[in-house]
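> Numbering of the sequence shown is given in my numbering, commencing with residue 4 and proceeding in unit increments.
Heads up, the beta-carbon is just placed ideally off N, CA and C, and yes, glycines get one too.
Input: one structure, supplied below.
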Amino acid sequence: MIERFFSPAMRMKRYLALVLGPTALALLYLGLLASDGYVSRASFLIEQDSPSMSGGDMALSLLNLGGGPSRQDTLVVDAFLRSRTLLEQMQSSLDLRGHFSSDERDLFSRMDAEASQEDFLEFYRKHLHTLVDEESQIMTVEFTAHDPEYAHKVVSELVRQGEQFVNKINQSLAEEQLTFITAEVDKAATRLRQATVEMLALQRKNDVLNPQQETAAVAQILAGLEAELTRQQTELKALSGYLNPSAPDIVATKQRIDALQAQVAEERRRMVGEGRDEFSKLMLDYQNAEVNLRIAGELYKSALTSLETTRLDAVRKAKYVIPVDRANVPDSAELPRVGYWTVTVFVLLNLMYFVSGLIVATIQDHRE
């Protein structure tokens, strides 16, 4: 019985049944039954237009905020292309589920029409292939379908969706930054208006535009009056030396001196704030209001500058999808690779056959 099992005729029958037969079935399936797979490809680059980027900006990295193509950009887009969100959008526009479960596909490559969403996503990812060149960061998208036109439509839609995704991120980042800066501008404008109102209220309350300037003007007037008073007093002394006290010139000079003294007293009262709020408090209030107004004005100008800079940066740091190779309509099917898979099956079956034969022979030797 054992000799018959290891006889050349039996070995040939087993080889035919275990190796050549399955290989022939694989060849038959791949060559005649397996659905054709058409692969459409497209390549693109995610670039940033930043000709005037500063040294600080160059240190920043959608996506990232630095210039030029970046690995992070392509990884983010790659994750989006494989996402459930995109699959749902693609299903709405291209009915991928219907294509995957079509009766035109062979039984083994067809997806169950009632497949769960998780199985559907896994099936979609098996037909999608992405490749990123490490040096240039050019991203290639491939999709396999049993119809060349459909493969072209899917890849074109994938590229379009990827571009929209990048644009959406650009818009989202720009809107977020502009919203924040605009809020700061509004705050600065409100503070400037409030400081202006406080300054005007202080001026109206005290009937003065600028107490410092008014004090300087009063001091200048007072100095002039005192100088004139001194001159008149000197003249009075000179006249008193040779005229009667009742002389018209002396009387007139005394009248001028009295008037000047009254005017000097009035101006001095203005300087010390007699009959009004304490002048020192007025000066302090005015200085505080002036400082607040100046700070509010500087903050407002700074906020406006930041707003304009942010708007320019939103354009300068925007990402763009640059097509390198547009989606093609395949001329011939790339799948199934009949020769490759037939040889692979043949080699694997031979390996399994000879390993199992070696195991059986070893066991037989131990029994003997």
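Could you check whether F111 and A29 sit closer than 9 Å to each other, using their CB atoms as the reference points?
no
> Give the DSSP-derived three-state secondary structure of I141 in the structure shown.
coil
> Hey, out of L90, Y303 and V80, whose CA is closest to I172's CA?
V80
> Compute the Euclidean distance between the alpha carbons of P11 and L23, then round it to the nearest angstrom.
16 Å
> I'd like the list of long-range same chain contacts for P326, defined as Cβ closer than 7 Å, with 5 residues on each side in sequence excluded.
F47
> Let me check understanding here. Comparing Cα to Cα, which of L203, L33, T88 and V157 lies closest to L124?
T88
> Are the Cβ atoms of A177 and A317 separated by less than 9 Å?
yes
> Does the separation of the CB atoms of L296 and A198 fall below 9 Å?
yes
> Around the Cβ of H155, are there at least 16 other Cβ atoms within 10 angstroms (buried) or fewer (exposed)?
buried
> For F183, count the other beta carbons within 10 Å of its own beta carbon; 16 or more makes it buried, fewer makes it exposed. Which is it?
exposed
> From V267, L84 and E145, pick the residue whose C-alpha is nearest to that of L225; which is it?
V267
> Starting from the Cα of I49, find the closest Cα among I298, D122, G165 and E107 and give me that residue.
G165
> Which residue marks the beginning of the beta strand (DSSP E) containing E187, and which one marks its end?
Premise fails: E187 lies in the alpha helix (DSSP H), P151 to N209, not in any beta strand (DSSP E).
> Cα-Cα, which of L33, M15, K208 and V332 is closest to Y289?
K208
> I need the boundaries of the alpha helix (DSSP H) containing V385, first residue and last residue.
Residue 385 lies beyond the residue range present for the chain, which begins at 4 and ends at 371; the question has no answer from this structure.
> State the start and end residues of the unbroken beta strand (DSSP E) segment that holds S43.
Y41 to Q51
> Whose C-alpha, out of A321, V346, K284 and D261, is nearest the C-alpha of Q174?
A321
> Going straight from the alpha carbon of E117 to that of R163, what length do you get?
29 Å
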